[in-house]
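In this note's numbering, each number is its position in the sequence shown, counted from 1, plus 1301. Think of the CB as a built atom: it goes at the ideal place given N, C-alpha and C, for glycine as much as any other residue. Right, one structure below, let's go through it.
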Amino acid sequence: MDRFDDLIQRIKVRVADPLRARDTAAWTRPLRPLPPPVTDTDLDAAEAALGFAMPPLLRRLYTEVANGRWGPDSGLGGIPSNGAEPEAGDIVSFYQECVSPDRDLENPAVRWPCGLVTLINSHQMEVCDFLTPTYPLYLLDIEEWDLDRPVVESLVLIAASLEERLESWLSGPT
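So, in structure tokens, the structure goes:
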């Protein structure tokens, strides 16, 4: 038995109820069904496009639960599936946009850190450091972010790991 098995099972139970699948479900209409899980091929393509591996827990969530649209706040972003190119709203295209060399021309001081991937993108972004083995999550409040300050100076740690963040979501109000 893997250490994530119990967590994944509890997430599956919660997201089976459309009104509990994500925090914003109560005021989101129409409620769309969750997308199907992705394949290992989809994950491999997403990792190739990102340039690094995803956290092991996140890989399992995408292949065993759904391709995003569930979880804290407005839910996790998905990844391209079925051979599709990255598109607006998925975590791959958003990361590619953030690290684009064109962005450096706008303001080199606020260069997006390599490996910092936005998992939840709403009025506040929840970003995960894919290059640190514990996979900490940070909050970046885009309304409060000073665009003349480096991104890393604007991050607030919200969970030491993806696992901790999801445990917090499961134990929070439903």
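Here's the rule: buried if 16 or more other CB atoms are within 10 angstroms of the residue's CB, otherwise exposed. What is residue i?
i            : result
residue 1458 : exposed
residue 1460 : buried
residue 1401 : exposed
residue 1467 : buried
Residues in the same chain with beta-carbon distance under 7 Å from residue i, minus the five sequence neighbours each way, listed in chain order, please.
i            : result
residue 1465 : none
residue 1375 : 1323, 1325, 1421, 1423
residue 1430 : 1416, 1417, 1436, 1437
residue 1363 : 1338, 1339, 1344, 1380
residue 1353 : 1416, 1431, 1432
Measuring only the C-alpha atoms, how far is residue i from residue j?
i            : j            : result
residue 1309 : residue 1440 : 23 Å
residue 1437 : residue 1340 : 25 Å
residue 1445 : residue 1453 : 14 Å
residue 1391 : residue 1385 : 11 Å
residue 1412 : residue 1382 : 28 Å
residue 1394 : residue 1307 : 31 Å
residue 1399 : residue 1360 : 22 Å
Is the distance from the Cβ of residue i to the Cβ of residue j below 9 Å?
i            : j            : result
residue 1378 : residue 1420 : yes
residue 1347 : residue 1355 : yes
residue 1463 : residue 1344 : no
residue 1397 : residue 1349 : no
residue 1304 : residue 1471 : no
residue 1469 : residue 1373 : yes
What distance in whole Å lies between the Cβ atoms of residue j and residue i, which are believed to be in contact at a cut-off of 8 Å?
i            : j            : result
residue 1335 : residue 1370 : 6 Å
Let me see if you follow: with CB-CB separation under 9 Å, is residue i close to chain D or not?
i            : result
residue 1366 : The displayed structure is made up of one protein chain only, and chain D is not part of it.
I want to check one thing, is the minimum distance from the CB of residue i to the heavy atoms of the ligand ADP below 8 Å?
i            : result
residue 1320 : In the structure shown, the ligand ADP is absent, as is every other ligand, since no ligand is present at all.
Skipping 5 residues on each side, what residues in its chain have a beta carbon closer than 6 Å to that of residue i?
i            : result
residue 1425 : 1440, 1442
By Cβ distance, which residues of its chain are closer than 8 Å to residue i, with the 5 residues on each side in sequence left out?
i            : result
residue 1408 : 1448, 1449
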